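Asks: Heads up: the sequence shown begins at 1 in full-length UniProt numbering, then just goes up one per residue. Just so it is clear, CB atoms sit at the ideal spot from N, CA and C, and this is done for glycine as well. Source: prediction; values computed, not measured. Mind looking over this structure? Questions follow.
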Amino acid sequence: VYLYPYISALLGTCKRPAGRMLLNKYCESVYQTQRRPTRTIMIGKVPVGSSHRIALQTMTTTDTRNVQATVDQVKKCADAGADIVRITVQGKREAEACMRIREQLFKDRYDVPLVADIHFQPTVAMMVAEAFEKIRVNPGNFVDGRKSFDVINYDDPKVFEREREMIEEGFTPLVLKCKELGRALRIGTNHGSLSARILSFYGDTPRGMVESAFEFAEVCRKHDFHNFLFSMKASNPLVMVSAYRLLAEEMYAKGWDYPLHLGVTEAGEGEDGRMKSAVGIGALLMDGLGDTIRVSLTEDPEYEIDPCRRLAGLGEQACAERLGVAPFTETSRDTHTFKRREGALPPAQQPGEDLDYRGALHRDGTVFSAVSLQDLAAPEALYKRLGAKLAVGMPFKDIATSDSILLRELPPAADKEGRRALRRLQEVTTHVIAPLEALAADPLPGAIALLPLKQALQGPLSLPQGITRWAAEVDGTESEAQLASLASLPSPPLVLLLRTAEGVSRLHASRRVFECLAKTGVDSPVVHHIEFPAGTSRDEIVIKTGAMVGGLLVDGLGDGAMIECPGEDVDFLRSTAFGLLQGCRMRNTKTEYVSCPSCGRTLFNLQEVTEQIKQRTGHLPGVAIAIMGCIVNGPGEMADADFGYVGGNPGKIDLYVGKEVVRRGIPMESACDELVELIKEHGRWVEPPSLEGEGERKGELVAAA
1 VYLYPYISAL LGTCKRPAGR MLLNKYCESV YQTQRRPTRT IMIGKVPVGS SHRIALQTMT
61 TTDTRNVQAT VDQVKKCADA GADIVRITVQ GKREAEACMR IREQLFKDRY DVPLVADIHF
121 QPTVAMMVAE AFEKIRVNPG NFVDGRKSFD VINYDDPKVF EREREMIEEG FTPLVLKCKE
181 LGRALRIGTN HGSLSARILS FYGDTPRGMV ESAFEFAEVC RKHDFHNFLF SMKASNPLVM
241 VSAYRLLAEE MYAKGWDYPL HLGVTEAGEG EDGRMKSAVG IGALLMDGLG DTIRVSLTED
301 PEYEIDPCRR LAGLGEQACA ERLGVAPFTE TSRDTHTFKR REGALPPAQQ PGEDLDYRGA
361 LHRDGTVFSA VSLQDLAAPE ALYKRLGAKL AVGMPFKDIA TSDSILLREL PPAADKEGRR
421 ALRRLQEVTT HVIAPLEALA ADPLPGAIAL LPLKQALQGP LSLPQGITRW AAEVDGTESE
481 AQLASLASLP SPPLVLLLRT AEGVSRLHAS RRVFECLAKT GVDSPVVHHI EFPAGTSRDE
541 IVIKTGAMVG GLLVDGLGDG AMIECPGEDV DFLRSTAFGL LQGCRMRNTK TEYVSCPSCG
601 RTLFNLQEVT EQIKQRTGHL PGVAIAIMGC IVNGPGEMAD ADFGYVGGNP GKIDLYVGKE
661 VVRRGIPMES ACDELVELIK EHGRWVEPPS LEGEGERKGE LVAAA
């Protein structure tokens, strides 16, 4: 009896009705984008559901008690295209301010629906339901109270079930109020902010997130209230995707058709924040899941709307075009647990080779860069854009250096400077991939010959003199037999470059390719090659890469990425690819910051503090630091962070290690210093490179050369 809930939660089968088998369907189709059919719910004037376009949301960052500032910001968001705006409501004074905010917006002829973000305060939710069109409740703290990580031993599962009565008692009045007034509800579970009760029964898992939300949904359904939707948010895109898939799977099994609100909590700022959201939200949209979305950034809220619109557009276009491939059966992909496909990494060195090919790909995730002859004309500048360190003009690999480069056109043998630049890259294991035709015309010793797989299968492969390695280009249209032929080749390719043919759905064609490779036991590494036309905006590159390639990497399908856009800076494309790998939890090349967006609860200037912490800790790859403006988004949203910097009280900071607070009430003036000391105490600190140290390092590199 004691072990049952833990074992069943681990197996993911807890509380399933007798006789019902797990239905692995989580979307309409795995080989074609089809919108998941849902009912329509009304959030004020805005309909949300599969019969309508994807609604765009954001959240204010003002102090809710400052009525005019909040009204002004809501107007900015609405003018930028927000369909729905969320406002934090901490207590009764904020709830009273909400009445005036709604009234003033109506006077100013703004009828954008408003959502009250509620934590811990059922009575406040009842108050603000009089004014706002929607209430968001967090099942982790709405009834169970403030966050606790205490383990509760449920020796008798019946005790766990009896505690549901407390939830129903605390939540029912709000359900009845919303039903009476025509309001909407969002039952929004957050990873890491589950109640102690749910944590003790299910653990900090996607299963716990789903079951926590279902307890609240059952109360709604009991009272015949159906104007609600779900969200399963997490700062880790892999956890978020897994939770939404499990939620959708369970709703298919139950016959429920409630809409979904998508979002990655505390995604961050700039390109990293956009990439994280694109990976998590984009992966789900391409499977037809999601009816309203928010891209959570540590920027002014109106700036969230553009990436939101881009993501929604991707999902809507894919559904409208029925983007996909011919039906195929999928058996190898694990849609709930992240498990990397096991490729042949790192490459094995072959006898007699002059160059070391083991660094051509990286075990944790590979980044290739496409380079032109124009780039090669300035070697030192190119080395820097490839992320290499320089010593007297010679490149050396660093933590985020491109693993190899693709050069479609080679410098002629007579171009001594160009050939020397390439040789220097090869010698530090940044290898050169070039088309077989170009190498046949003018061989580059040690290069990796690239040719389409279909061409390689037409006859015996003959490589130019001085070349021992080759790579195959796959476009997603190959037959299963052609892909299976990889297993019988006498010399397997070093890597497969998956560059989908024009007009072919990258997500679905790639899934089919990986399914075929798994069936036939082919373990060649696969690097996704995504291309953009010249002039594509950087935001578009980040959003589409995250959604299209990230949607595959979150399932462990792929060993790296190459982003190509003619005319775009090689450094930007390289750093974007590394950001993609880090966002997909593959290869960490920089410090990760989990920052909650500013809101009315924030106790300090989030952007200033984040920048201050970055200045001190930005050289610690593999370390994750959460920066939270208040306790509401503190321990809960720090589930994946190593260290936490959380506003406890005005002017005071609490520091965390994992989920445990270890120092309280530190004055803000010294909190950053104390955070550094805490990192040192736990053995995660390295000194940043100094100018003197850099000089010594260059001397070592020169001597090595």
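Do you know offhand how far PRO688's Cα is from LEU620's?
Replies: 8 Å
Asks: Short of 6 Å in beta carbon distance, which residues of its chain neighbour GLU531, apart from the five on each side in sequence? Order them along the chain.
Replies: GLU564
Asks: Using a threshold of 7 Å, state whether the C-beta atoms of GLY583 and MET275 are closer than that.
Replies: yes
Asks: Measuring straight from C-alpha to C-alpha, what distance separates PRO122 and GLU681?
Replies: 41 Å
Asks: Thinking just about the alpha-carbon of each residue, which of VAL657, ILE625 and TYR656 is nearest to the one in SER235?
Replies: ILE625
Asks: Can you give me the Cβ contacts of LEU23 inside the same chain, cut-off strictly under 7 Å, excluding the 5 residues immediately before and after it?
Replies: Interpretation of LEU23 is limited by its pLDDT of 44, a score under 50 that renders its predicted location unreliable; the figure taken from the coordinates is listed afterwards. Cβ contact annotation for LEU23 (same chain, cutoff 7 Å, sequence separation greater than five): GLU249, TYR252 and ALA253, in chain order.
Asks: Which class does GLY665 belong to by DSSP, given the choice of helix, strand or coil?
Replies: The DSSP-derived three-state label of GLY665 is strand.
Asks: Could you tell me the alpha carbon to alpha carbon distance between PHE142 and LEU176, rounded to whole angstroms?
Replies: Approximately 16 Å, taken between the alpha carbons.
Asks: Suppose contacts are defined by Cβ-Cβ distances below 7 Å. Is PRO493 in contact with SER524 by that definition?
Replies: yes
Asks: Using beta-carbon positions only, say whether PRO37 and SER50 come within less than 7 Å of one another.
Replies: yes
Asks: Mapping the DSSP letters down to three states, classify HIS529 as helix, strand or coil.
Replies: Looking at HIS529 - three-state DSSP - the assignment turns out to be strand.
Asks: So for GLU94, helix, strand or coil by DSSP?
Replies: It is helical.
Asks: Taking the straight line between their C-alpha atoms, what separation do you get for THR172 and SER595?
Replies: 33 Å
Asks: Taking the C-alpha atoms as reference points, what is the distance between residue 706 and ALA440?
Replies: There is simply no residue 706 to check, as the chain begins at 1 and stops at 705 in what is shown.
Asks: May I have the straight-line CA-CA distance separating VAL623 from ASP642, to the nearest angstrom?
Replies: 6 Å
Asks: Does the stretch 571 to 583 come within contact of the stretch 355 to 370, defined as at least 3 CB pairs closer than 8 Å?
Replies: yes
Asks: Which partner residues of TRP470 appear in the DSSP bridge assignment?
Replies: ALA449
Asks: Using the DSSP secondary-structure output, state which residues sit across from THR366 in a beta bridge.
Replies: GLY560
Asks: So the candidates are LEU573, MET668 and VAL554; which of them puts its Cα closest to the Cα of SER242?
Replies: VAL554
Asks: Checking 7 Å against the spacing of the C-beta atoms, do LEU229 and ARG186 come in under that value?
Replies: yes
Asks: Does the Cβ of PRO351 have 16 or more other Cβ atoms within 10 Å, making it buried, or fewer, making it exposed?
Replies: exposed
Asks: Any idea what DSSP makes of GLY660, helix, strand or coil?
Replies: It should be pointed out that residue 660 corresponds to Glu in this sequence rather than to Gly. Three-state DSSP puts GLU660 in a strand.
Asks: Start and end of the beta strand (DSSP E) containing TYR593?
Replies: From DSSP, the beta strand (DSSP E) with TYR593 extends over 592 to 595.
Asks: DSSP puts PRO322 in a beta bridge; with which residues?
Replies: The question names Pro, yet the displayed sequence has Arg at residue 322. Residue pairing by DSSP places ARG322 opposite no residue, since no beta bridge is assigned to it.
Asks: Mind checking whether GLY324 and SER200 have CB atoms under 7 Å apart?
Replies: no
Asks: Label ASP334 either buried or exposed according to how many other C-beta atoms from any shown protein chain fall within 10 Å of its C-beta, with 16 as the threshold for buried.
Replies: Flag for ASP334 reads exposed.
Asks: Of the residues ARG53, GLN73 and ALA561, which one's Cα is nearest the Cα of GLU299?
Replies: GLN73
Asks: For the alpha helix (DSSP H) holding GLY45, just list the boundary residues, first then last.
Replies: Gly is not the amino acid found at residue 45; the sequence shown has Lys there. Premise fails: LYS45 is in no alpha helix (DSSP H) and is neither H nor E.
Asks: State the Cα-Cα distance for the pair ARG16 and MET209, rounded to the nearest angstrom.
Replies: Low confidence applies here, because ARG16 scores a pLDDT of 39, under 50, leaving its location unreliable; read the following figure in that light. Distance between the alpha carbons of ARG16 and MET209: 15 Å.
Asks: Just the C-alpha distance for TRP685 and LEU507, rounded to the nearest angstrom, thanks.
Replies: Going by C-alpha positions, TRP685 is about 39 Å away from LEU507.
Asks: List the whole-angstrom C-beta distance separating PRO327 from TYR31, where the pair is believed to meet the contact cut-off of C-beta under 8 Å.
Replies: 6 Å
Asks: Does MET251 come within less than 7 Å of chain D when only Cβ atoms are used?
Replies: Annotation note: the requested chain D is absent from the structure, which comprises a single protein chain.
Asks: With DSSP collapsed to three states, give me the class of SER488.
Replies: If DSSP states are grouped into helix, strand and coil, SER488 belongs with the helices.
Asks: Does DSSP classify TYR645 as helix, strand or coil?
Replies: strand
Asks: Where do the N-terminal and C-terminal ends of the beta strand (DSSP E) with ALA55 fall, by residue?
Replies: Run containing ALA55: 55 to 59, per the beta strand (DSSP E) assignment.
Asks: Which two residues bound the contiguous alpha helix (DSSP H) that contains PHE160?
Replies: 157 to 162
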